[in-house]
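Novice: Mind the numbering: the sequence shown is residues 2 to 201 in the numbering used here, read in order.
Just so it is clear, CB atoms sit at the ideal spot from N, CA and C, and this is done for glycine as well.
As the structure is a computational prediction, the values presented were derived from the model and not from experiment.
This is the structure I have questions about; it appears just below.
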Amino acid sequence: KSRSRVERAEQVIDSLASRPKKERSANVSISNTRAGSSIAEVDGVTVGIGGATLVRDATLRLSKGERLALVGPNGCGKTTFLRALTGAHPVETGTVRLGKNTTVAYLDQERSGLDDDKSVAANVGEGAAVIELGGQELDLRSYLERFLFSGPHQRALVGELSGGERARVALAKVLKSGTNLVILDEPTNDLDVAMLSSLE
Numbered sequence: 002k003s004r005s006r007v008e009r010a011e012q013v014i015d016s017l018a019s020r021p022k023k024e025r026s027a028n029v030s031i032s033n034t035r036a037g038s039s040i041a042e043v044d045g046v047t048v049g050i051g052g053a054t055l056v057r058d059a060t061l062r063l064s065k066g067e068r069l070a071l072v073g074p075n076g077c078g079k080t081t082f083l084r085a086l087t088g089a090h091p092v093e094t095g096t097v098r099l100g101k102n103t104t105v106a107y108l109d110q111e112r113s114g115l116d117d118d119k120s121v122a123a124n125v126g127e128g129a130a131v132i133e134l135g136g137q138e139l140d141l142r143s144y145l146e147r148f149l150f151s152g153p154h155q156r157a158l159v160g161e162l163s164g165g166e167r168a169r170v171a172l173a174k175v176l177k178s179g180t181n182l183v184i185l186d187e188p189t190n191d192l193d194v195a196m197l198s199s200l201e
């Protein structure tokens, strides 16, 4: 590149570096409920869709405190298997048993369950002005600020939000209830760095 173009680029970089950076930090937390030692058991499960078998003879034991990641290429059946765990998709063979005290919070990759014609606050609060987290009450406004929604943004219609903002609304809605099994399908899609860091 010509020297003048390089110098112009360096000037822009210097001007950006000198600007004060606005720190944004999210605070994702989960309100746990009492759980037994067994959270979920999958025995010899086969699931398919449209006549195609995606998962065959899967066996899994998920105990309290464990984390599990499902990885694989697109279309291999990860979402179908997760939906089978929640009971939203039928299994062809085998059984899925959730623990006696297991309560599920499921974030699907489509972020369904959001009403585009309602505000962020109305979607998450669902008529309530207070959220209970870990035995403590938190007003809805403060709860939404943890997910990086300031006052004006809390009144924005969900249908007008970006993909990342919709993902934050869906997370806030799913995680507000007490749970001891959190299932996140493609949770990092569209999230910004601040939100990813807190979710991690």
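Say whether chain B places a C-beta atom closer than 9 Å to the C-beta of Leu-63.
Specialist: The structure shown has no chain B; it contains just one protein chain.
Novice: Can you tell me the Cα-Cα spacing of Gly-100 and Ser-39, whole angstroms?
Specialist: Residue mapping note: residue 100 aligns to position 99 of the sequence shown, counting from 1. Residue mapping note: residue 39 aligns to position 38 of the sequence shown, counting from 1. Cα-Cα distance, rounded: 5 Å.
Novice: Of all the options Arg-57, Leu-141 and Ala-27, which has the alpha carbon lying nearest to the alpha carbon of Ser-178?
Specialist: Here residue 178 corresponds to residue number 177 of the sequence shown, with the count starting at 1. Nearest option by C-alpha distance: Leu-141.
Novice: Output the boundary residues of the alpha helix (DSSP H) element that contains Gln-137.
Specialist: Here the question's residue 137 lines up with position 136 in the sequence shown. Where Gln-137 is concerned, there is no enclosing alpha helix (DSSP H), although the beta strand (DSSP E) it sits in stretches over 137-140.
Novice: Pull up the DSSP beta-bridge partners for Glu-133, would you.
Specialist: Numbered from its first residue, the sequence shown carries residue 133 at position 132. Glu-138, per the DSSP bridge assignment.
Novice: Residue ranges of each beta strand (DSSP E) run of no fewer than 3 residues wholly in the segment 61-106, ordered along the chain?
Specialist: List check, beta strand (DSSP E) in window: 94-99.
Novice: Hey, quick one: how far does the beta strand (DSSP E) through Ser-199 stretch, first residue to last?
Specialist: The sequence position of residue 199 within the sequence shown is 198, counting from 1. Here Ser-199 belongs to no beta strand (DSSP E); instead the alpha helix (DSSP H) covers 194-200.
Novice: Whose C-beta lies closer than 7 Å to the C-beta of Ala-168 among residues of the same chain, with five residues either side of it excluded?
Specialist: In the sequence shown, residue 168 corresponds to position 167, counting from 1. Closer than 7 Å at Cβ, skipping near neighbours: Arg-112, Asn-190, Asp-191 and Leu-192.
Novice: Considering only the beta carbon of each residue, do Ala-41 and Leu-182 sit closer than 9 Å?
Specialist: Locating residue 41 in the sequence shown gives position 40, counting from the first residue. Locating residue 182 in the sequence shown gives position 181, counting from the first residue. Result yes, Cβ atoms of Ala-41 and Leu-182 sit closer than 9 Å.
Novice: Ordered along the chain, which non-local residues of its own chain (more than five positions away) have a Cβ less than 7 Å from that of Arg-57?
Specialist: Translated into the one-based positions of the sequence shown, residue 57 becomes position 56. For Arg-57, where only same-chain residues beyond five positions count, the Cβ hits under 7 Å are Thr-47.
Novice: Within the same chain, show all residues whose beta-carbon is closer than 8 Å to that of Gly-73, passing over the 5 residues directly before and after it, in chain order.
Specialist: As a first step, residue 73 is located in the sequence shown; it is residue number 72 there, counting from the start. Cβ within range, chain order: Lys-79.
Novice: Report back the beta-carbon spacing between Ala-157 and Val-125 to the nearest angstrom; my notes put them in contact at under 8 Å.
Specialist: Taking the first residue of the sequence shown as position 1, residue 157 is located at position 156. Taking the first residue of the sequence shown as position 1, residue 125 is located at position 124. Wrong, their Cβ atoms sit about 12 Å apart, outside the cutoff.
Novice: Whole angstroms is fine: what's the gap from Leu-139's alpha carbon to Leu-149's?
Specialist: Position 138 of the sequence shown, counted from the start, is the residue given in the question as residue 139. Position 148 of the sequence shown, counted from the start, is the residue given in the question as residue 149. Looking at the two C-alpha atoms, the distance is approximately 15 Å.
Novice: What did DSSP end up calling Glu-161 once you bin it into helix, strand or coil?
Specialist: Taking the first residue of the sequence shown as 1, we reach residue 161 at position 160. In this structure, Glu-161 counts as helix in the three-state DSSP scheme.
Novice: Buried or exposed: Ala-10, going by 16 or more other Cβ atoms within 10 Å of its Cβ?
Specialist: As a first step, residue 10 is located in the sequence shown; it is residue number 9 there, counting from the start. It is exposed - the Cβ of Ala-10 has fewer than 16 other Cβ atoms within 10 Å.
Novice: So which of Phe-82, Gly-135, Ala-53 and Gly-51 has the shortest CA-CA distance to Thr-60?
Specialist: Counted from its first residue, the sequence shown places residue 60 at position 59. Per the Cα distances, Phe-82.
Novice: Taking Leu-1 as the reference, which of Ile-184, Ala-195 and Met-196 has the closest Cα?
Specialist: What is shown of the chain runs 2 to 201, which leaves residue 1 out entirely.
Novice: Just the C-alpha distance for Pro-153 and Val-170, rounded to the nearest angstrom, thanks.
Specialist: Taking the first residue of the sequence shown as 1, we reach residue 153 at position 152. Taking the first residue of the sequence shown as 1, we reach residue 170 at position 169. Going from the Cα of Pro-153 to the Cα of Val-170 covers about 14 Å.
Novice: Going by alpha carbons, who is nearest to Glu-201 out of Ser-163, Val-29, Gln-110 and Leu-176?
Specialist: Indexing the sequence shown from 1 puts residue 201 at position 200. The residue with the shortest Cα to Cα distance from Glu-201 is Val-29.
Novice: Within 10 angstroms of its Cβ, does Ile-202 collect 16 or more other Cβ (buried), or is it exposed?
Specialist: A question about residue 202 goes unanswered here, because the residues of the chain that appear run from 2 up to 201.
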